[in-house]
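Just below is one structure, and these are the notes that go with it.
There are 2 protein chains.
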Amino acid sequence: MEDGFSLKDATVGIIGLGLMGGSLAMSLTGKCARLVGFDSHQPTLELAHSKNIIDHAQPLSPSPFGRGARGEGVVDLLILATPVPSILNFLEQLPAIISHPCVVMDVGSTKRDILQAMSALPENFDPIGGHPICGKENLGLENADADLYQNAPFIIAPLERTAQRAKLAASQIISAIGATLIEMTAEEHDRVFAATSHVPFLLSSALVHSTPREFASFIGPGFHSTSRLAGTPSHMMMGILRSNRDNVLSAIRSFRNSLEEIESALQNENYVELENILNQSRKSHLTLTADH
Amino acid sequence: MEDGFSLKDATVGIIGLGLMGGSLAMSLTGKCARLVGFDSHQPTLELAHSKNIIDHAQPLSPSPFGRGARGEGVVDLLILATPVPSILNFLEQLPAIISHPCVVMDVGSTKRDILQAMSALPENFDPIGGHPICGKENLGLENADADLYQNAPFIIAPLERTAQRAKLAASQIISAIGATLIEMTAEEHDRVFAATSHVPFLLSSALVHSTPREFASFIGPGFHSTSRLAGTPSHMMMGILRSNRDNVLSAIRSFRNSLEEIESALQNENYVELENILNQSRKSHLTLTADH
Numbered sequence: 001m002e003d004g005f006s007l008k009d010a011t012v013g014i015i016g017l018g019l020m021g022g023s024l025a026m027s028l029t030g031k032c033a034r035l036v037g038f039d040s041h042q043p044t045l046e047l048a049h050s051k052n053i054i055d056h057a058q059p060l061s062p063s064p065f066g067r068g069a070r071g072e073g074v075v076d077l078l079i080l081a082t083p084v085p086s087i088l089n090f091l092e093q094l095p096a097i098i099s100h101p102c103v104v105m106d107v108g109s110t111k112r113d114i115l116q117a118m119s120a121l122p123e124n125f126d127p128i129g130g131h132p133i134c135g136k137e138n139l140g141l142e143n144a145d146a147d148l149y150q151n152a153p154f155i156i157a158p159l160e161r162t163a164q165r166a167k168l169a170a171s172q173i174i175s176a177i178g179a180t181l182i183e184m185t186a187e188e189h190d191r192v193f194a195a196t197s198h199v200p201f202l203l204s205s206a207l208v209h210s211t212p213r214e215f216a217s218f219i220g221p222g223f224h225s226t227s228r229l230a231g232t233p234s235h236m237m238m239g240i241l242r243s244n245r246d247n248v249l250s251a252i253r254s255f256r257n258s259l260e261e262i263e264s265a266l267q268n269e270n271y272v273e274l275e276n277i278l279n280q281s282r283k284s285h286l287t288l289t290a291d292h
Numbered sequence: 001m002e003d004g005f006s007l008k009d010a011t012v013g014i015i016g017l018g019l020m021g022g023s024l025a026m027s028l029t030g031k032c033a034r035l036v037g038f039d040s041h042q043p044t045l046e047l048a049h050s051k052n053i054i055d056h057a058q059p060l061s062p063s064p065f066g067r068g069a070r071g072e073g074v075v076d077l078l079i080l081a082t083p084v085p086s087i088l089n090f091l092e093q094l095p096a097i098i099s100h101p102c103v104v105m106d107v108g109s110t111k112r113d114i115l116q117a118m119s120a121l122p123e124n125f126d127p128i129g130g131h132p133i134c135g136k137e138n139l140g141l142e143n144a145d146a147d148l149y150q151n152a153p154f155i156i157a158p159l160e161r162t163a164q165r166a167k168l169a170a171s172q173i174i175s176a177i178g179a180t181l182i183e184m185t186a187e188e189h190d191r192v193f194a195a196t197s198h199v200p201f202l203l204s205s206a207l208v209h210s211t212p213r214e215f216a217s218f219i220g221p222g223f224h225s226t227s228r229l230a231g232t233p234s235h236m237m238m239g240i241l242r243s244n245r246d247n248v249l250s251a252i253r254s255f256r257n258s259l260e261e262i263e264s265a266l267q268n269e270n271y272v273e274l275e276n277i278l279n280q281s282r283k284s285h286l287t288l289t290a291d292h
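Chains as they are written, first to last, in our numbering: chain A, 1 to 292; chain B, 1 to 292.
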């Protein structure tokens with residue numbers, strides 16, 4: 001496999017034209033030689049094609065990626081933009097349908113399971129893990145947005161086998177869509193995102209689960225914000241939670257310890273201690289969200 | 001005390017020209033005969049006066065509310081728009097400085113303690129509790145907004161002694177600022193808002209408290225939303241938490257039960273159960289936030 005990669009000369013394939021894949025396609029318009037979109041949902045493909053988000057729409061049927069199909073040439077870079085379980089599934093199927101040299105990148109929300117599956121790919125593949133830190137709770141191509149990736153952190157997790165070509169492809173993609181590359185290991189990634197993403201979703205869900213529906217008239221902007229993630233479709237989250245179960249359980253325990261500190265200060269009417277904790281949290285909040 | 005109340009002929013006093021009081025003053029412009037602002041912070045008073053948010057600025061010194069001070073006449077309706085402990089404090093001081101008939105309303109975040117203090121006021125006062133369900137995490141007059149109350153639910157909690165005049169005053173104010181009146185008891189109010197407001201703040205704080213500051217580069221819109229309330233100044237929240245301690249502790253226990261259901265489903269790899277809980281939460285979320 002050659003070492004160089006030139007995005008402007010490359011045929012890029014995106015599997016899954018939902019919010020993430022669709023937005024990616026929109027922000028790559030004019031920045032690669034050819035954009036091929038794959039989706040199992042025919043109306044999504046038609047919508048993407050009619051909006052000129054992709055150059056060519058390809059249903060997900062056997063062997064959609066090979067040389068010569070309708071004369072489009074091979075896909076140089078394939079980006080997997082489906083939920084985690086489906087990414088794992090595609091990684092199993094790829095060897096049977098692609099035999100040409102191909103960089104494979106994903107945009108899945110966990111990295112250890114995906115990198116493990118990538119490590120089993122045959123030698124014609126040059127795999128690299130990816131995870132852009134952006135999104136919305138309203139999914140699907142109809143909510144896709146060419147600016148979704150603008151200024152977003154984009155994690156890159158290389159494998160030991162990842163060659164220069166895949167790293168170049170990833171960095172050119174990230175630069176083209178206006179995101180910021182951060183490299184980290186899959187282990188570190190999954191530990192961090194259990195705390196910053198997966199547990200916040202579960203807290204939102206638990207909050208809503210414990211709030212009687214007849215309180216609906218009394219919901220203000222505070223509850224709305226704290227509970228927003230509970231609106232995320234759970235089919236999106238199940239694969240993430242399965243795939244990152246150990247880290248999520250450990251981050252829930254950390255959260256529970258913090259909540260118990262607060263609860264016991266209030267229970268014991270130790271208001272000095274309570275205010276200390278809340279002040280510390282406010283300072284941490286300023287640090288953690290300084291860029292937002 | 002006469003039974004009627006006419007906002008357009010009334011002198012309205014607002015104690016505390018922060019986000020809530022300042023926004024209230026802005027949205028009452030032109031809707032009452034005269035608007036007098038009281039604040040302990042001289043620059044705030046000057047800002048309010050220079051922006052024409054109030055007709056008259058009055059420092060909080062002894063006897064600021066009585067007849068004849070600079071010939072402005074008496075305050076017909078006094079609105080307490082400070083944090084809860086300060087509202088409780090003013091309610092103790094009022095009998096010594098106002099002897100004319102006066103409707104007293106507050107916009108504090110808890111109601112039982114405030115209504116108890118109101119019930120001890122002398123007969124020249126006609127008290128009624130209030131709580132508008134709106135706000136921002138950035139406080140102060142500089143963030144005040146004439147539209148803050150627009151379409152917001154505004155809880156009214158009358159006392160047994162509350163006369164028709166105070167109810168009319170409250171409903172005319174609420175209508176003038178574009179909010180929606182909801183009447184409830186102080187007990188019911190404090191129970192509901194422990195769950196919909198005070199506990200969400202504590203969850204945000206506990207989440208931030210348990211998140212290492214070095215994760216700041218990996219914060220996305222989800223964490224940002226779930227942790228937003230942790231940015232609320234804790235001096236605002238301490239009085240609320242003290243005042244509503246029993247209900248807050250009970251709402252924390254309900255939340256913990258929900259979180260433990262989720263945690264144990266994940267721990268036991270009972271993914272069917274986990275997805276059921278998350279789906280139920282998503283449905284509740286749609287119901288609870290349908291108006292937003």
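Idealized CB from N, CA, C, for every residue including glycine.
At a cut-off of 8 Å between beta carbons, Met237 (chain B) contacts chain A.
In summary, Asn247 (chain B) is buried, with 16 or more beta-carbon neighbours lying within 10 Å of its beta-carbon over all protein chains present. Bounds of any alpha helix (DSSP H) do not take in His56 (chain A); it lies within the beta strand (DSSP E) bounded by 56-59.
Within the stretch 141-163 of chain A, the residues whose Cβ lies closer than 8 Å to some Cβ of chain B are Ala152, Pro153, Ile155, listed in chain order. From the beta-carbon of Ser258 (chain A), the residues of chain B found nearer than 7 Å are Ala206, His209, Ser210.
For the stretch 179-193 of chain A, the beta-carbon criterion of a distance under 8 Å to any beta-carbon of chain B is satisfied by Ile182, Val192, Phe193. In the three-state reduction of the DSSP assignment, Arg161 (chain B) falls in the coil class, being assigned neither a helical nor a strand state. With respect to the C-alpha of Phe125 (chain A), the residue from A:Glu260, A:Pro101, A:Gly135 having the closest C-alpha is A:Pro101. Shown here, Phe125 (chain B) sits in a strand according to DSSP, grouped into three states. Legend: CB atoms of the stretch 272-283 of chain B lying less than 8 Å from CB atoms of chain A belong to residues Leu274, Glu275, Ile277, Leu278, Asn279, Gln280, Ser281, Arg282. Residue burial is scored here from C-beta neighbours: Lys111 (chain A) has at least 16 other C-beta atoms within 10 angstroms and is therefore classed as buried.
Classified as buried, Ile53 (chain A) has 16 or more neighbouring CB atoms from the shown chains inside 10 Å of its CB.
Within the same chain, Val84, Thr110, Asp113 come within 6 Å of Ser243 (chain A) by CB-CB distance, once the 5 residues on both sides are set aside.
Chain B has no Cβ within less than 8 Å of the Cβ of Leu19 (chain A). Per DSSP, Phe5 (chain A) lies in no alpha helix (DSSP H) segment and is marked neither H nor E. When the beta-carbon positions are compared, Ala152 (chain B) and Met105 (chain B) stay at least 8 Å from each other.
By the CB criterion at 8 Å, Ser197 (chain A) and Ser225 (chain B) fall outside the cutoff.
At least one C-beta of chain B is nearer than 8 Å to the C-beta of Ala195 (chain A). Val107 (chain A) sits buried, since 16 or more C-beta atoms from the chains shown fall within 10 Å of its C-beta. Closest option to Glu183 (chain B), judged by alpha-carbon separation, among B:Ile155, B:Leu91, B:Leu80: B:Ile155. Taking the C-beta atoms as reference points, Pro122 (chain A) is found nearer than 8 Å to Pro95 (chain A). DSSP places Met184 (chain A) outside any alpha helix (DSSP H), giving it a letter other than H or E.
By the Cβ criterion, the stretch 262-278 of chain A is in contact with the stretch 201-218 of chain B, since at least three pairs of Cβ atoms, one from each stretch, lie closer than 8 Å. Chain order gives the chain B residues near Gly231 (chain A) as Arg282, His285, Leu286, Thr289, where near means a beta carbon separation below 8 Å.
Sixteen is the threshold: since fewer than 16 other Cβ atoms of the shown chains lie within 10 Å of the Cβ of Val272 (chain B), the residue is exposed.
No Cβ-Cβ contact shorter than 8 Å links Leu35 (chain A) with Leu17 (chain A). In the pairwise beta carbon analysis, the stretch 250-266 of chain B is classified as touching the stretch 253-267 of chain A: at least three pairs are separated by under 8 Å.
Among the bridge pairs identified by DSSP, Pro132 (chain A) is matched with A:Phe154.
For Val12 (chain A), the uninterrupted beta strand (DSSP E) segment begins and ends at 11-15. DSSP places Asp39 (chain A) in the uninterrupted beta strand (DSSP E) bounded by 34-39.
Counting along the chain, Leu278 (chain A) sits inside the alpha helix (DSSP H) bounded by residues 271-288. Under the DSSP definition of a beta bridge, Met105 (chain B) partners with B:Ile79, B:Ile128. Closest in alpha carbon position to Gly178 (chain A), among A:Pro43, A:Ala186, A:Thr29, is A:Thr29. Cβ-Cβ distances below 8 Å link Val192 (chain A) to Met184 in the same chain, with the five nearest sequence neighbours on each side left out; the list follows chain order. Taking the CA atoms as reference points, Ala157 (chain A) sits about 31 Å from Ala230 (chain B). Taking a Cβ-Cβ cut-off of 8 Å, the neighbours of Gly220 (chain A) in chain B comprise Ile133, Cys134, Gly135, Ala152, Pro153, Thr196, Ser197, given in sequence order.
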